[in-house]
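Participant: With the numbering used here applied, the sequence shown corresponds to residues 507 to 670, in that order.
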Amino acid sequence: MDPQLLELAQQVFDLARRGDAAMLAAVIEKGVPPNLRNENGDSLLMLASYHGHVDAVRTLLERGADPDLRNNNGQTPLAGAAFKGFDGVVEALLAQGADVEGASPDGRTALMVAAMFNRTSIMDMLLARGANPDARDASGASARDAAGRMGAADALAKLKSQGA
Numbered sequence: 507m508d509p510q511l512l513e514l515a516q517q518v519f520d521l522a523r524r525g526d527a528a529m530l531a532a533v534i535e536k537g538v539p540p541n542l543r544n545e546n547g548d549s550l551l552m553l554a555s556y557h558g559h560v561d562a563v564r565t566l567l568e569r570g571a572d573p574d575l576r577n578n579n580g581q582t583p584l585a586g587a588a589f590k591g592f593d594g595v596v597e598a599l600l601a602q603g604a605d606v607e608g609a610s611p612d613g614r615t616a617l618m619v620a621a622m623f624n625r626t627s628i629m630d631m632l633l634a635r636g637a638n639p640d641a642r643d644a645s646g647a648s649a650r651d652a653a654g655r656m657g658a659a660d661a662l663a664k665l666k667s668q669g670a
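1) Tell me, which residues are paired with R543 by DSSP?
2) Between D660, A571 and K666, which lies nearest to A522 when the distance is taken from Cα to Cα?
3) Give the secondary structure of E570 by DSSP, where H, G and I count as helix, E and B as strand, and everything else as coil.
4) Within its chain, find whatever has a CB closer than 7 Å to the CB of M622; leave out the 5 residues flanking it on each side and keep chain order.
5) Just list the alpha helix (DSSP H) runs in the stretch 566–624, keeping only unbroken ones of 4 residues or longer that don't cross its boundaries, in chain order.
6) Straight-line CA distance for G608 to P539?
7) Apart from the five residues on each side of it in sequence, which residues of its chain come closer than 7 Å, Cβ to Cβ, to V596?
8) Does the Cβ of P509 have 16 or more other Cβ atoms within 10 Å, making it buried, or fewer, making it exposed?
9) Smallest Cα separation from A532: which of T626, Q668, T565 and D660?
10) Residue range of the alpha helix (DSSP H) that V533 falls in?
11) Just reading off the alpha helix (DSSP H) that D660 is part of, what are its end residues?
12) When you compare each of G537, E535, A527 and K536 to S555 by their alpha carbons, which one comes out closest?
13) Assuming G558 and K590 form a contact by the criterion Cβ under 8 Å, report the distance between their Cβ atoms to the nearest whole angstrom.
14) State buried or exposed for L530, treating a residue as buried only when at least 16 other CB atoms are found within 10 Å of its CB.
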């Protein structure tokens, strides 16, 4: 591949990491695909989500980025935002149709991730959108199990109140 083209792609990925919504909009309008992915399979949306840039996330979604496009590890932008604790990003992804139950290859859902790290406000958003508190990952663990293992007391209490 052309080294100059690779350098240009790296600059576009850096725009997503930095959350430069205006420049992302401009490059997409010039023809850069909104689902451009790097060598790890991370899309522009994944990078913006993982780094907590709500405006960039909205900009990418408005221009056709797939909210459920997984990276090479099978992780979704929603799970990445839940892991990092970015409420606004989770809200934006859900508002644009991100799959609330989109599990990684090991069966872990965004709700399980949020529960592990005691991210109760994110749990509230996911549960309000229909996340299944009783879902199990590949090892048979639920969000409640994950919260218990991690000592996430608030998450555990929330899941108990949900009947999970």
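Ideal Cβ placement from N, Cα and C applies to all residues, glycine included. Bear in mind that the values here come from a model prediction, so they are computed numbers and not experimental data.
Facilitator: In short, the structure shows the following:
1) S549
2) A571
3) With the sequence shown as reference, residue 570 is identified as Gly, and Glu is not the correct amino acid for it. Coil, per DSSP.
4) A652, A653, M656 and A658
5) 583–590, 593–601 and 616–622
6) 23 Å
7) L584, A587, A588, I628 and M631
8) exposed
9) T565
10) A527 to E535
11) A659 to S667
12) A527
13) 6 Å
14) buried
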